[in-house]
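Numbering (our numbering), first residue to last: 12 to 184.
Ideal Cβ placement from N, Cα and C applies to all residues, glycine included.
Keep in mind that this is a model prediction, so the values were computed, not measured.
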């Protein structure tokens, strides 16, 4: 992976300009100040990120965010269904029937179809959008997601490596 840093040319003089007076001592201090100014302007090279090729729709983070949006839509539908089950059975059955014949894999397509289905389902679609937004902003535990992701990846890697070592070394438990 290549890394390049662009340095600003602060204090660079123009060729052919007349030097300022003051003798060699002043020239030394000017050069020292220029060197300090350039050194403070240099940003450390940050090339510790991994290059991930092959994501036409954006970064891996964008892909993960899209998948999370679909998941949050699924959660919101489950919450609204649970609420409807206790106080509005007719709307519950209507939404349940719509969910059974429409895929929840794409949140945007699901919500577009739901809004256009009927006036009652349009209201439920608005409720689902509200619940989805509230859940993402207030209830979802983002720190827990990060911790669990790290732990699950590490545990899965350890298990796979352990299984491989057991397989190639022919050691039985």
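> Between the C-alpha atoms of residue 70 and residue 61, what's the straight-line distance to the nearest angstrom?
Replying inline: Taking the chain shown and counting its residues from 1, the one referred to as residue 70 is at position 59. Taking the chain shown and counting its residues from 1, the one referred to as residue 61 is at position 50. Residue 70 and residue 61 have their alpha carbons spaced roughly 11 Å apart.
> Less than 8 Å separating the beta-carbons of residue 115 and residue 85?
Replying inline: Here the question's residue 115 lines up with position 104 in the chain shown. Here the question's residue 85 lines up with position 74 in the chain shown. Taking 8 Å as the cut-off, the Cβ atoms of residue 115 and residue 85 count as close.
> Which word fits residue 118, buried or exposed, when buried means at least 16 other C-beta atoms lie within 10 angstroms of its C-beta?
Replying inline: Counting from 1 along the chain shown, the entry for residue 118 is found at position 107. By the 16-neighbour rule on beta-carbons within 10 angstroms, residue 118 is buried.
> Which of the three DSSP states, helix, strand or coil, is assigned to residue 151?
Replying inline: Looking up residue 151 in the chain shown gives position 140. DSSP, read as helix, strand or coil, puts residue 151 in coil.
> How many Å lie between residue 234 and residue 111 at the Cα?
Replying inline: Shown here, the chain extends from 12 to 184; a query on residue 234 therefore has no answer.
> Taking residue 146 as the reference, which of 180, 167, 91, 174 has the closest Cα?
Replying inline: Within the chain shown, numbered from 1, the residue matching residue 146 stands at position 135. Across the set 180, 167, 91, 174, the C-alpha of 91 shows the shortest separation from the C-alpha of residue 146.
> Can the beta-carbon of residue 113 be found closer than 8 Å to that of residue 124?
Replying inline: Translated into positions along the chain shown, residue 113 becomes position 102. Translated into positions along the chain shown, residue 124 becomes position 113. Yes, they are a contact pair.
> Tell me which same chain residues have a C-beta within less than 8 Å of the C-beta of residue 103, skipping the five on either side of it?
Replying inline: Here residue 103 is taken as the residue at index 92 of the chain shown, counted from 1. Within the same chain, 92, 95, 96 come within 8 Å of residue 103 by CB-CB distance, once the 5 residues on both sides are set aside.
> Where do the N-terminal and C-terminal ends of the alpha helix (DSSP H) with residue 115 fall, by residue?
Replying inline: Against the chain shown, residue 115 aligns to sequence position 104. Unbroken run through residue 115: none, as it is neither H nor E.
>> So, does the region 137-154 touch the region 73-88, judging by three or more C-beta pairs under 8 Å?
In response: Counting C-beta pairs closer than 8 Å gives three or more between the region 137-154 and the region 73-88, which meets the contact rule.
>> If distances are taken between C-alpha atoms only, which option among 165, 109, 181, 150 comes closest to residue 136?
In response: The sequence position of residue 136 within the chain shown is 125, counting from 1. Nearest neighbour of residue 136 by Cα position, chosen from 165, 109, 181, 150, turns out to be 109.
>> Restricting to runs no shorter than 4 residues, where is the alpha helix (DSSP H) found entirely within the region 69-128?
In response: Listed in chain order, they are 71-98, 100-112, 118-128.
> Cα-Cα, which of 63, 157, 73, 87 is closest to residue 138?
Replying inline: Start at 1 with the first residue of the chain shown, and residue 138 comes out as number 127. Ranked by Cα distance from residue 138, the first of 63, 157, 73, 87 is 87.
> Between which two residues does the alpha helix (DSSP H) carrying residue 130 extend?
Replying inline: Numbered from 1 along the chain shown, position 119 holds the residue referred to as residue 130. It spans 130-145 - the alpha helix (DSSP H) in which residue 130 sits, taken as one unbroken run.
> Who are the Cβ neighbours of residue 77 in its own chain at under 8 Å, not counting the five residues just before and after it?
Replying inline: Mapped onto the chain shown, residue 77 falls at position 66. Around residue 77: 68.
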